[in-house]
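Novice:
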Amino acid sequence: MANKVSIIVPCFNHAKYLEECIQSINNQSHTNWECIIVNDGSTDDTETVSRKLENEKVRYIYQENKGLPGARNTGIRNATGDYILPLDADDTLNPLALEKMIAVFNQTPETLIVFSDTVTFGSTNKKSNLQEKFTLKELLLGNKLYCTSMFPKKYFDAGIIFDEKLRHGFEDWEFWIQLIDANREKPITKIDYTVFNYRSHPETSMIKEIVGNNDKKEIIYHAVYEKHKKLFHEFFPSYIALLNRKNFYEQKLERIYSSKPYRIYNFLINLFR
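The working numbering applies: residue -9 is where the sequence shown begins, and numbers increase by one.
Shown next, in the form of structure tokens:
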């Protein structure tokens, strides 16, 4: 049967959130799915919890720790679905997520990616406001998509995979660069439905550690640049000019998002959604 979705759930020491995550998948209105939990060398109760959750639709795989991109690759390699939806083990899907996303692929089969905004919950609460449309050039300046976006598995099978060298972050951004660069004419669609809920932790997370550390961020960014140097030079002939432009827009956006008018606007928009 077509339209089967493989939901890939990497888990590293997030056993306490795993049951809630899987329950949100069980609650989906679109029922043609499989879930693959990839235990990436956890030292907590991930195996015990995963074994309890296993059934004909939820599978469990253990591997020695390879990092998030390695865990996603393992899950996708073992997937049998037509479409892939990564979901971190501490996040949750909303009930119509698969139904709404699959509807886009049914209506426009050549669609490359379907994505949405997210609601952050936990230590902070807010709703994102992603660009509906963006160019490849804009993507090179920074990620425009969450990892929990849906894409056809055939592209992974053709060799577009998560870079396992990027264990410390930005692996999803680099994956989208690969996928979109190889399929520039295919549509990317944002839907007006919040697909997933992102859990914010009070403790230091990998993303917070990267974003708050300019040296670490530049090292990872440079690794992505080196891998896609030809592509970057297509749009930005000077790497120094590119870095200056990227830093300019990051600082500009930071000033906008922290401004009082924007906070009021964002509050009102979310209030009436």
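From the three backbone atoms N, C-alpha and C, an ideal C-beta is built for every residue, glycine too. This structure is a prediction, so every number in the text was calculated from the model and none was measured.
How many Å lie between Gly57 and Phe160 at the Cα?
Specialist: Taking the sequence shown and counting its residues from 1, one reaches residue 57 at position 67. Taking the sequence shown and counting its residues from 1, one reaches residue 160 at position 170. Roughly 12 Å between the two C-alpha positions.
Novice: With DSSP as the reference, please indicate the residues paired to Cys25 in a beta bridge.
Specialist: On the sequence shown, position 35 is the one that residue 25 refers to. Ile(-3) and Val48, per the DSSP bridge assignment.
Novice: Quick check: what's the CA-CA separation for Gln53 versus Val39?
Specialist: What you label residue 53 is simply residue 63 of the sequence shown in a count that begins at 1. What you label residue 39 is simply residue 49 of the sequence shown in a count that begins at 1. Gln53 and Val39: Cα-Cα distance of roughly 16 Å.
Novice: Going residue by residue through the segment 129 to 196, where are the continuous alpha helix (DSSP H) segments of at least 4 residues, counting only ones entirely within it?
Specialist: Listed in chain order, they are 143 to 147 and 161 to 172.
Novice: Which residues does DSSP pair with Val39 in a beta bridge?
Specialist: Translated into positions along the sequence shown, residue 39 becomes position 49. DSSP output for Val39 lists no bridge partner at all.
Novice: Measure the CB-CB distance between Val109 and Asn187 and report whether it falls below 8 Å.
Specialist: Start at 1 with the first residue of the sequence shown, and residue 109 comes out as number 119. Start at 1 with the first residue of the sequence shown, and residue 187 comes out as number 197. Taking 8 Å as the Cβ cut-off, Val109 and Asn187 qualify as a contacting pair.
Novice: On the criterion of 16 or more Cβ atoms from any shown chain inside 10 Å, does Thr70 qualify as buried, or is it exposed?
Specialist: Counted from its first residue, the sequence shown places residue 70 at position 80. Exposed, by the Cβ-count rule.
Novice: Based on the DSSP secondary-structure assignment, which residues constitute the bridge partners of Asp107?
Specialist: On the sequence shown, residue 107 is found 117 positions in, with the first residue counted as 1. Answer is none; Asp107 lacks a bridge partner.
Novice: Under 6 Å Cβ to Cβ from Ala61, same chain only, skipping five residues before and after it: list those, please.
Specialist: Indexing the sequence shown from 1 puts residue 61 at position 71. So the list reads Pro0, Val28 and Asp30, once near-sequence residues are dropped.
Novice: Counting C-beta neighbours from all protein chains within 10 Å, is the total for Gly149 16 or more, i.e. buried, or is it exposed?
Specialist: As a first step, residue 149 is located in the sequence shown; it is residue number 159 there, counting from the start. The residue in question, Gly149, is exposed, as its Cβ has fewer than 16 Cβ neighbours within 10 Å.
Novice: Once the 5 residues before and after Leu83 are set aside, which same chain residues still bring their CB inside 7 Å of it?
Specialist: Position 93 of the sequence shown holds residue 83. So the list reads Ser14, Ile15, Gln18, Leu77, Val185 and Phe186, once near-sequence residues are dropped.
Novice: Taking 7 Å as the limit between beta carbons, can you name the residues of its chain near Phe152, skipping five residues before and five after?
Specialist: Along the sequence shown, read from residue 1 onward, the residue named residue 152 stands at position 162. Closer than 7 Å at the Cβ level, and outside the excluded window around Phe152, lie Pro59, Arg62, Asn63, Glu161 and Phe165.
Novice: Report the rounded CA-to-CA distance for Lys101 versus Lys217, giving the unit in angstroms.
Specialist: Translated into positions along the sequence shown, residue 101 becomes position 111. Translated into positions along the sequence shown, residue 217 becomes position 227. For the record, residue 101 in the displayed sequence is Thr; it is not Lys. When rounded, the distance between both Cα atoms is 26 Å.
Novice: In its own chain, which residues sit with a C-beta less than 8 Å from the C-beta of Trp23, not counting the 5 before and 5 after it?
Specialist: Taking the sequence shown and counting its residues from 1, the one referred to as residue 23 is at position 33. Lys(-6), Val(-5), Ser(-4), Ile(-3), Ile15, Lys47, Gly71 and Leu88.
Novice: Exposed or buried, which one is His212 when buried takes at least 16 other CB atoms within 10 Å?
Specialist: Here residue 212 corresponds to residue number 222 of the sequence shown, with the count starting at 1. His212 comes out exposed.
Novice: Suppose contacts are defined by Cβ-Cβ distances below 8 Å. Is Met140 in contact with Ile178 by that definition?
Specialist: Residue mapping note: residue 140 aligns to position 150 of the sequence shown, counting from 1. Residue mapping note: residue 178 aligns to position 188 of the sequence shown, counting from 1. Cβ atoms of Met140 and Ile178: not closer than 8 Å.
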